[in-house]
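This report refers to the structure that appears directly beneath it.
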Amino acid sequence: MSPKVDEITLSDGNKVPVLGLGTWQGGNDPDEVENAVKLAIDAGYRHFDCASFYGNEAEIGKAIQEKIDQGVVKREDLFVVTKDEVDYIETWRGMEECIKLGLTRSIGVSNFNSQQLTRLLESASIKPVMNQIELHINLNQKKLREFCASKSIAVTGYSPFGAPGRNNVFQPAGADISLQSPVITGIAKKYNKTNAQIVLRYVIDIGAIPIPKSSSEKRIKENIDIFDFKLTPEEIAAIDKLDCGFRTCSAIEHKDCKEYPFNIEF
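Per UniProt numbering, the sequence shown starts with residue 1, numbered consecutively.
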């Protein structure tokens with residue numbers, strides 16, 4: 001039997017699973033991402049994170065349609081996220097229209113800082129229900145999470161493992177960025193879980209939604225097997241200390257762009 005994934009209720013009343021499957025880089029091998037989505041649905045995943053610039057939405061759609069045709073899942077059971085890159089105020093008006101026309105259930109944003117969210121909220125007739133941001137043990141985004149919570153905006157965390165294998169990352173001197181941190185390893189032994197499972201549970205227990213990417217059947221199943229325990233406040237506090245502001249997805253080449261989101265603290 002597949003694990004039952006917890007859900008949270010968004011500010012618009014729709015529910016979203018607190019764990020999703022990331023699909024970034026899946027465009028490198030269309031068959032790989034298609035198979036990963038099928039495996040994930042069979043394993044119990046109902047939340048999938050996509051984007052037009054990932055270049056693999058056709059394969060993801062094919063996998064979902066196959067599982068719908070097989071009777072494994074219904075479309076209304078799935079929470080599928082996608083993203084476009086255009087001026088956000090003008091685009092938001094179009095997204096609000098999509099809600100009014102019944103073309104989508106919920107709308108949100110990604111990589112927005114507090115100033116960008118404030119500007120959007122000032123003009124929005126329908127506020128964003130979610131902000132998807134980089135979030136892991138070395139970048140726990142406490143201030144931005146608290147800001148989002150104050151506006152009833154849920155937080156999804158991409159790269160929950162710190163994007164291992166990503167090129168052009170800038171590691172702070174002395175930063176403990178490995179999943180093999182003694183803090184994580186010790187907690188993993190206590191619960192008889194993998195270090196990755198502890199990291200995912202941490203993201204959930206601080207109130208965010210992790211979306212780990214994997215094409216491995218073993219890891220897809222492991223990543224969803226985290227709903228039979230919760231971390232203690234003391235364990236969360238210990239992991240909090242690993243935060244060092246290490247951002248793996250800085251997009252530093254765009255730092256001079258008007259809407260570059262990482263030029264302020266949060």
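We put the beta carbon where it would ideally sit given N, CA and C, even for glycine.
Collapsed DSSP secondary structure at residue i in the structure displayed
{"i": "Lys151", "result": "coil"}
{"i": "Val37", "result": "helix"}
{"i": "Glu265", "result": "coil"}
{"i": "Asp49", "result": "strand"}
{"i": "Pro3", "result": "coil"}
{"i": "Gly61", "result": "helix"}
{"i": "Lys67", "result": "helix"}
Inter-residue CB distance, residue i and residue j (contact presumed, cutoff 8 angstroms)
{"i": "residue 321", "j": "Ser159", "result": "Here the chain comprises residues numbered 1 to 266, so residue 321 is not present and cannot be evaluated."}
{"i": "Ile211", "j": "Asp49", "result": "4 angstroms"}
{"i": "Gly157", "j": "Ile133", "result": "7 angstroms"}
Under 8 angstroms between C-beta atoms of residue i and residue j
{"i": "Ile224", "j": "Ala43", "result": "yes"}
{"i": "Asn113", "j": "Phe266", "result": "yes"}
{"i": "Gln197", "j": "Ile226", "result": "yes"}
{"i": "Leu10", "j": "Val18", "result": "no"}
{"i": "Ile236", "j": "Ala40", "result": "no"}
{"i": "Asp240", "j": "Asn140", "result": "yes"}
{"i": "Trp92", "j": "Lys213", "result": "no"}
{"i": "Tyr88", "j": "Leu121", "result": "no"}
{"i": "Asp205", "j": "Leu231", "result": "yes"}
{"i": "Lys67", "j": "Lys38", "result": "yes"}
C-alpha distance - residue i paired with residue j, whole-angstrom precision
{"i": "Leu101", "j": "Glu59", "result": "26 angstroms"}
{"i": "Val5", "j": "Glu76", "result": "16 angstroms"}
{"i": "Gly13", "j": "Thr118", "result": "22 angstroms"}
{"i": "Thr82", "j": "Ile99", "result": "15 angstroms"}
{"i": "Glu90", "j": "Thr248", "result": "29 angstroms"}
{"i": "Ile209", "j": "Phe161", "result": "13 angstroms"}
{"i": "Ala251", "j": "Lys143", "result": "21 angstroms"}
{"i": "Gly55", "j": "Ala238", "result": "39 angstroms"}
{"i": "Gly22", "j": "Asn35", "result": "13 angstroms"}
Open item on the list: Quick check on the DSSP output: what are the complete alpha helix (DSSP H) runs of length 4 or more inside the UniProt domain "NADP-dependent oxidoreductase" (86-242), in order along the chain?
Closed with: Within the UniProt domain "NADP-dependent oxidoreductase" (86-242), the complete alpha helix (DSSP H) segments at least 4 residues long are 88-100, 114-123, 142-150, 182-191, 195-205, 217-224, 233-240, listed from N- to C-terminus.
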